[in-house]
Each structure stands twice: as structure tokens, then as C-alpha cells.
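Note sheet for the following structure.
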Amino acid sequence: MTAAPSGGPACTPTEVPVLLWSSVEQQLTDGVVLRVAPDRARVPAGCPGDPSQPDVVVRAAVLALLRDPAPDPDQVNLWVAAGAPAAEEDVSVETSGAGTTVDLPSGAFAGGLGSEAAAAAVQSLVRTVVSNGGTAPVTVLVDGAAGAEVWGAVVLDAPLSPSTEDLAGGWVLDPYEGQRVPAGTVTLSGTATAFEGSVSWVVQDADGTAVAEGATQSGSNGDYGPWTVPVELPPGTWTVVLRAENMAGEAEGPGPWLWEDSTTFTVVP
8 MTAAPSGGPA
18 CTPTEVPVLL
28 WSSVEQQLTD
38 GVVLRVAPDR
48 ARVPAGCPGD
58 PSQPDVVVRA
68 AVLALLRDPA
78 PDPDQVNLWV
88 AAGAPAAEED
98 VSVETSGAGT
108 TVDLPSGAFA
118 GGLGSEAAAA
128 AVQSLVRTVV
138 SNGGTAPVTV
148 LVDGAAGAEV
158 WGAVVLDAPL
168 SPSTEDLAGG
178 WVLDPYEGQR
188 VPAGTVTLSG
198 TATAFEGSVS
208 WVVQDADGTA
218 VAEGATQSGS
228 NGDYGPWTVP
238 VELPPGTWTV
248 VLRAENMAGE
258 AEGPGPWLWE
268 DSTTFTVVP
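Below is the structure:
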């Protein structure tokens with residue numbers, strides 16, 4: 008179990024790359040819903056690779072989820088929005104081949120979330136654990152006990168696995184928000200699902216003018232799959248927007264696009 012390290016061989020704390028899952032609103036034909044989507048971040052950790060701390064990276068990711076705003080401004084970290092950060096020493100993570108146990112203090116749930124937001128927040132925790140070296144299913148304890156009702160909306164009485172029902176339609180993962188990449192060929196990539204697998208992308212400059220655009224294939228009709236597009240870009244700040252067409256037509260639901268995701272990055276010489 009990884010609580011604050013004590014004893015054992017000395018190490019130099021470092022930053023590690025993690026995948027953090029936050030929430031995003033999507034306007035569907037039957038109204039606005041909350042979904043979860045990932046973004047990359049670098050967070051402080053202890054000694055990755057140290058066998059005495061096997062769960063240090065996944066714990067660092069969990070701590071970041073409980074503490075930091077979402078890396079992507081399109082998203083909201085509901086754990087932070089609820090306004091109840093957890094003390095680092097009160098959070099533990101234990102991973103085994105049979106699953107992962109995350110033990111959180113009751114104070115982490117002291118803020119207020121409605122039932123939909125509470126379910127999305129729990130799913131963002133589950134996906135953050137599994138995406139950073141934890142194993143499913145994920146058991147969430149509160150002050151060491153199972154079965155707690157949190158935010159007055161979700162009962163944590165059973166192990167949890169990632170659910171595709173809570174996923175956003177698609178997202179840009181690389182480059183990640185705020186990343187600095189060298190000039191030349193920039194590989195845009197991520198994951199999505201769309202009608203017949205077709206997603207549209209556009210690269211915009213700082214004024215919002217499109218400098219490159221097109222369509223590419225991803226997963227289709229509820230099955231998620233990767234998408235990749237190489238683009239030649241000079242130095243500057245760029246935003247890539249990924250979209251899926253609303254096949255029901257503009258008169259129904261969110262307009263011409265069923266969903267979209269964007270990320271802004273900088274190309275350096």
C-alpha cells in the first residue's frame with residue numbers, strides 16, 4: 008500500500024506522465040449529459056520503479072485527480088469542483104492481480120455533487136486508476152470501510168470497472184493541452200467513435216483561422232478506436248478541434264456537430 012514513503016532506500020522524487028480523466032458536457036439530442044474524457048499531465052511522484060513502492064505512479068495520478076484542475080479547459084475535474092481536497096497522507100492505493108483498492112478520507116466527499124456528477128466523478132477515478140497501472144475492478148473505500156454512500160448519491164458497495172456508457176464521444180490526446188512540440192510533422196491523435204467511423208478535424212491559429220482540416224477514421228457506432236493525422240506546422244500556437252457530425256441534422260440536438268473536443272499546443276523551432 009502506498010502511503011507517504013518512510014524508511015527504505017533513499018530516492019529522488021520526480022515527475023511522471025499520467026493520464027487524468029475529467030468530465031465534459033456534451034449536448035446530445037435528448038439534452039446535456041456529463042461524460043468523461045482523458046488528458047495527459049505530468050505530476051509529482053515518489054520513486055517510480057522502486058519495488059518498495061509498486062503503486063506510486065497510480066497513487067500520484069489519484070492525488071492529482073483529487074487536487075488539480077483538469078489539464079484541458081474543455082473539461083472540469085468534479086473532484087476539485089466539489090471543493091474538498093484530500094490530504095495526501097490520508098490517501099492510499101493498493102494494486103494486485105485481482106484489482107485495485109483505493110482508500111479515501113471522508114473529507115474527499117464533503118462537497119456537493121448531484122447524482123449524475125457524482126457518478127461521473129467516480130467513473131473518472133476508476134479510469135484514472137486503470138489508465139495509470141492499476142488493475143480493474145477498483146474498490147473504493149472511505150476511511151477504510153466499504154459500502155459508503157458518497158455525496159448522498161452513489162453507494163460504493165461493489166468493485167467498479169470502466170464503463171463505456173460514461174465515455175465522451177471522442178478526444179484529442181496528442182499533442183496534449185499546453186504541450187510544446189518541435190516544428191515539422193506534428194502527429195495529431197486520440198480516440199473516438201462516430202457514425203461509420205468518420206471524424207472531422209481542423210487546426211486553427213491563435214486567431215481561430217483554419218490552417219489545415221480534413222476527415223479521418225476512428226471507431227464507429229459505439230465502438231471506440233484510435234485516429235491519427237500527421238500535419239506540417241511551423242512554430243506558433245495552434246488549436247486542434249475534433250468533431251463528429253450530427254447525423255440527425257441541425258434541427259435536432261446540438262446542431263451540425265454531435266460533439267467536439269479541442270486542445271491547444273505550441274510548436275517551437
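Read in order, the letters of the sequence shown correspond to residues 8 to 276 in my numbering.
Note that CB positions come from ideal geometry on N, CA and C, so glycine has one too.
Could you tell me which residues DSSP pairs with residue i in its beta bridges?
{"i": "Ala175", "result": "Note: Ala175 sits in no beta bridge, so no partner."}
{"i": "Arg221", "result": "The sequence shown places Gly at residue 221, rather than the Arg named in the question. In DSSP, Gly221 forms a bridge with Trp208."}
{"i": "Leu249", "result": "Trp208 and Asp268"}
Is residue i helix, strand or coil by DSSP?
{"i": "Leu85", "result": "helix"}
{"i": "Leu70", "result": "helix"}
{"i": "Glu184", "result": "coil"}
{"i": "Ala10", "result": "With a pLDDT of 45 at Ala10, under the threshold of 50, the modelled position of this residue cannot be trusted, and the question is left open."}
Nearest CA to the CA of residue i: which residue from the options?
{"i": "Gly229", "options": "Gly215, Pro242, Thr235 and Thr198", "result": "Thr198"}
{"i": "Phe202", "options": "Leu240, Val31 and Glu252", "result": "Glu252"}
{"i": "Pro144", "options": "Ser138, Pro169 and Val179", "result": "Pro169"}
{"i": "Asn84", "options": "Val65, Val43, Thr108 and Ala117", "result": "Val43"}
{"i": "Val65", "options": "Ala155, Val248, Leu180 and Ser138", "result": "Ser138"}
{"i": "Gln224", "options": "Gly204, Asp214, Val236 and Ala213", "result": "Gly204"}
{"i": "Gly271", "options": "Leu180, Ala153 and Ala125", "result": "The amino acid occupying residue 271 in the given sequence is Thr; Gly does not appear at that position. That would be Leu180, whose Cα lies nearest to the Cα of Thr271."}
{"i": "Gln130", "options": "Pro45, Gly221, Val218 and Pro276", "result": "Pro45"}
{"i": "Pro55", "options": "Asp75, Pro20, Ser30 and Arg74", "result": "Pro20"}
Around the C-beta of residue i, are 16 or more other C-beta atoms found within 10 angstroms, so that it is buried, or is it exposed?
{"i": "Ala11", "result": "Caution applies to Ala11, whose pLDDT of 43 falls short of 50 and renders its modelled position unreliable; the model cannot decide the point."}
{"i": "Val274", "result": "buried"}
{"i": "Trp53", "result": "The sequence given here has Gly at residue 53, not Trp. Gly53 is buried by the Cβ-count criterion."}
{"i": "Asp268", "result": "buried"}
{"i": "Thr108", "result": "buried"}
{"i": "Glu239", "result": "exposed"}
{"i": "Gly243", "result": "exposed"}
{"i": "Thr135", "result": "buried"}
{"i": "Val277", "result": "What the structure shows of the chain is the stretch from 8 to 276, and residue 277 is not part of that stretch, so it cannot be assessed."}
Kindly say whether residue i, judged by its beta-carbon, lies nearer than 7 angstroms to any beta-carbon of chain C.
{"i": "Pro276", "result": "Among the chains of the structure shown, chain C does not appear; only one protein chain is present."}
With a floor of 4 residues, list each alpha helix (DSSP H) that falls wholly inside the segment 95-151, ordered by position along the chain.
122-138
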